[in-house]
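Novice: Chains as they are written, first to last, in my numbering: chain A, 75 to 184; chain B, 13 to 125.
For every residue, glycine included, the Cβ atom is placed at its ideal position computed from N, Cα and C.
These numbers come from a predicted model, not from an experiment.
Sharing a structure below in structure tokens format, with a few things to ask.
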Amino acid sequence: GNSVTQMEGPVTLSEEAFLTINCTYTATGYPSLFWYVQYPGEGLQLLLKATKADDKGSNKGFEATYRKETTSFHLEKGSVQVSDSAVYFCALSSNYKLTFGKGTLLTVNP
Amino acid sequence: DVKVTQSSRYLVKRTGEKVFLECVQDMDHENMFWYRQDPGLGLRLIYFSYDVKMKEKGDIPEGYSVSREKKERFSLILESASTNQTSMYLCASSLLAGVYEQYFGPGTRLTVT
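Here's what the structure looks like:
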């Protein structure tokens, strides 16, 4: 079946540091890939998506590239802010269902 | 913007009670979903519905049922709440076609004592 593996947290960074959160997947066919973010006390929000190989999703300074050859969709940001502190979920879609990773807690200190 | 609302942010119930969690979306989405979120386990799909009165079991349906009488509303029912159902419950919706991104409500934190 489908599965998503993302790096375990927590990840703690200083403001303006570079962020990478690794995500790899196992799936049949050609899934779409997503990163969701969950701020404290809130539901999940779609951060970015990519629908086919070599697509790059980007939003709010975050980027991720759909790499079919390595089955990866790593999340990156060049300079994190305190307001980026949240839990980040990698996910893939198959038919109309999403399979999520377990989430990575990011804390950014001033 | 898509809006998914859930009836309660926090709920405290006693063991054995029947519990209803309500979810409403305002974007005419065909698909609706119920997840539970637990630390270290991520999100797990309980049930989903791809049309009115249609439902399918997700990964952890035991102890839950659902109802979808109208397109915009999807209810999760705990027939007899137990302490191991203490969790955060998240509702989501998506279009039937397309790349299937889901839009989430704010969640209901349920505590069963």
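Who pairs with A:LYS151 in a beta bridge, going by DSSP?
Specialist: A:LEU93, A:PHE136
Novice: Decide if B:LEU53 is buried, meaning its Cβ has at least 16 other Cβ atoms within 10 Å, or exposed.
Specialist: B:LEU53 should be labelled exposed.
Novice: Scan the segment 156-184 of chain A for residues whose Cβ lies nearer than 9 Å to a Cβ of chain B and list them as they occur along the chain.
Specialist: PHE163, ALA165, SER167, SER168, ASN169, TYR170, LYS171, LEU172, THR173, PHE174, GLY175, LYS176, GLY177
Novice: Note down the Cα distance separating B:ASP63 from A:LEU121, rounded to an integer number of angstroms.
Specialist: 27 Å
Novice: Can you confirm whether B:GLU84, when its beta carbon is compared against all beta carbons of chain A, has any partner nearer than 9 Å?
Specialist: no
Novice: Could you name the residues of the segment 89-106 of chain A whose beta carbon sits closer than 8 Å to any beta carbon of chain B, in the order they occur along the chain?
Specialist: From the segment 89-106 of chain A, only SER106 have a Cβ closer than 8 Å to chain B.
Novice: Closer than 7 Å, Cβ to Cβ, to anything on chain C: give me those residues from the segment 134-150 of chain A, in chain order.
Specialist: The question asks about chain C, but that chain is absent: this structure's protein chains are A and B.
Novice: Can you find the residues in the same chain that come closer than 7 Å, C-beta to C-beta, to A:PHE140, ignoring five residues on each side of it along the sequence?
Specialist: The sequence shown places Tyr at residue 140 of chain A, rather than the Phe named in the question. Excluding positions up to five away in sequence, the list reads LEU107, ALA124, LYS126, ALA127, ASP128, ASP129, PHE147.
Novice: Using DSSP bridges, identify the partner residues of B:TYR112.
Specialist: DSSP output for B:TYR112 lists no bridge partner at all.
Novice: Could you pull out every unbroken beta strand (DSSP E) segment of at least 3 residues lying fully inside the segment 52-85 of chain B, listed in chain order?
Specialist: 54-63, 66-69, 76-82
Novice: Measure the CB-CB distance between A:GLY175 and A:CYS97 and report whether it falls below 9 Å.
Specialist: Cβ atoms of A:GLY175 and A:CYS97: closer than 9 Å.
Novice: Determine, using beta carbons only, whether B:GLU42 and B:SER106 come nearer to each other than 9 Å.
Specialist: With contacts defined as CB atoms closer than 9 Å, B:GLU42 and B:SER106 qualify as a contacting pair.
Novice: Looking only at C-alpha atoms, which of B:THR27, B:LEU23, B:LEU57 sits nearest to B:GLU91?
Specialist: It is B:THR27.
Novice: Count the other C-beta atoms from every protein chain shown that fall within 10 angstroms of the C-beta of A:GLY75, then say buried if there are 16 or more, exposed otherwise.
Specialist: By the 10 Å Cβ count, A:GLY75 comes out exposed.
Novice: Answer yes if the segment 16-23 of chain B comes into contact with the segment 70-80 of chain B, meaning at least three C-beta pairs across the two stretches below 8 Å, and no otherwise.
Specialist: no
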